[in-house]
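K.L.:
Structure below; questions to follow.
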């Protein structure tokens, strides 16, 4: 029996790692992305989520998509609007009305093409990459924003806050189980896997549009490992603080568990994020 969640993870591992080594992500991890640039990046995400959530709503009765259609828990459009105003002020409404960049338009067009095609099941891949990414690696990106830019508590991070989800790890596990319950033909299954690969490529193309504003190159393998070690230290420190506050032993659950390094590159992208933990 084919397990779609497993196939999605395995088929995108290489591209997932490549996205994690991108120049944009390198600067994000090191706090070298300005808040002004991040505000513009949110505009790009707004175009993507606006297209995706409309497509998912249009196909909410599709037998496959219905299994992962959770707008109350997952939809990011309203959360993005909060962050867009925080970083861009009232001009955000004008910014999202401007024509998308070429990479953003390609991403939006791909989602729209999936929605209008005779195989809308491909939207499963887009939902998988974006939402599981936000619930996984997106949580680390959130911590990076707070750490390097000293954001006020709970300000500017609405994208990564899922108020109607109590335990992110349990929710992701439920989502993966829903994926595995889908009854797809062989052709549909292969199309979803291919679409997931294309989604990573679309994300990387979107990242690359910011590259001319950034210094340096891709992360090397050694730098990637160094980042993982640093993130592991941060995770332990956060877990210790949480355990002390609660008067309980440190446990690997909730958001902190999603920050475990063994999952890091599987969960990165897109969040921002990109970040998928499958």
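Numbering (this note's numbering), first residue to last: 603 to 880. No residue lacks a Cβ here, since even glycine has one placed at the ideal position from N, Cα and C. This one's a predicted model, so the numbers in the text were calculated from it and none came from an experiment.
Run through the stretch 758 to 793 for me and flag every whole alpha helix (DSSP H) of 4 or more residues, listed as ranges in chain order.
P.N.:
770 to 782
K.L.:
As a quick exercise: from 621, 798 and 629, pick the residue whose alpha carbon is nearest that of residue 727.
P.N.:
Relative to residue 727, the option among 621, 798 and 629 whose CA is nearest is 798.
K.L.:
Spatial neighbours of residue 671 within its chain, please: CB distance less than 7 Å, with the 5 preceding and 5 following residues excluded, ordered by chain position.
P.N.:
658 and 662
K.L.:
Ignoring anything shorter than 4 residues or poking outside the stretch 695 to 752, list the alpha helix (DSSP H) runs there in chain order.
P.N.:
704 to 718, 725 to 737 and 739 to 751
K.L.:
For residue 629, is the classification buried or exposed, using 16 other Cβ atoms within 10 angstroms of its Cβ as the cut-off for buried?
P.N.:
Flag for residue 629 reads buried.
K.L.:
For a test of the three-state rule: what should DSSP assign to residue 670, helix, strand or coil?
P.N.:
Reduced to three states, the DSSP call for residue 670 is helix.
K.L.:
Return yes when the Cβ of residue 751 is within less than 8 Å of the Cβ of residue 637, no when it is not.
P.N.:
The answer is yes: Cβ separation under 8 Å.
K.L.:
Thinking just about the alpha-carbon of each residue, which of 734, 646 and 753 is nearest to the one in residue 682?
P.N.:
It is 646 whose Cα lies nearest to the Cα of residue 682.
K.L.:
Determine the burial state of residue 653: buried for a count of at least 16 other Cβ atoms within 10 Å of its Cβ, exposed for fewer.
P.N.:
buried
K.L.:
Which residue marks the beginning of the alpha helix (DSSP H) containing residue 687, and which one marks its end?
P.N.:
679 to 690
K.L.:
For residue 617, which of helix, strand or coil comes out of DSSP?
P.N.:
helix
K.L.:
Since residue 633 is in the alpha helix (DSSP H), which residue starts that stretch and which ends it?
P.N.:
Careful: residue 633 lies outside any alpha helix (DSSP H) and carries neither H nor E.
K.L.:
Does the beta carbon of residue 685 sit closer than 8 Å to a beta carbon anywhere in chain B?
P.N.:
Chain labels in this structure do not include chain B; a single protein chain is all it has.
K.L.:
Out of 785, 781, 744 and 656, which has the shortest C-alpha to C-alpha gap to residue 731?
P.N.:
781
K.L.:
Taking the C-alpha atoms as reference points, what is the distance between residue 864 and residue 773?
P.N.:
Since pLDDT at residue 864 reaches only 35, below the 50 mark, its modelled position is unreliable, and no value is offered.
K.L.:
Roughly how many angstroms lie between the CA atoms of residue 650 and residue 733, to the nearest whole one?
P.N.:
Roughly 12 Å between the two C-alpha positions.
K.L.:
Can you have a look at residue 625 and say buried or exposed, based on whether 16 or more other CB atoms are within 10 angstroms of its CB?
P.N.:
buried
K.L.:
Can you tell me the Cα-Cα spacing of residue 612 and residue 800, whole angstroms?
P.N.:
14 Å
K.L.:
Using 8 Å as the cut-off, can you tell me whether the stretch 604 to 611 makes contact with the stretch 784 to 793, which would need three or more C-beta pairs spanning the two stretches below that distance?
P.N.:
yes
K.L.:
Relative to the C-alpha of residue 655, which residue among 686, 775, 753 and 710 is closest?
P.N.:
Taking the Cα of residue 655 as reference, the smallest distance to any Cα among 686, 775, 753 and 710 is reached at 710.
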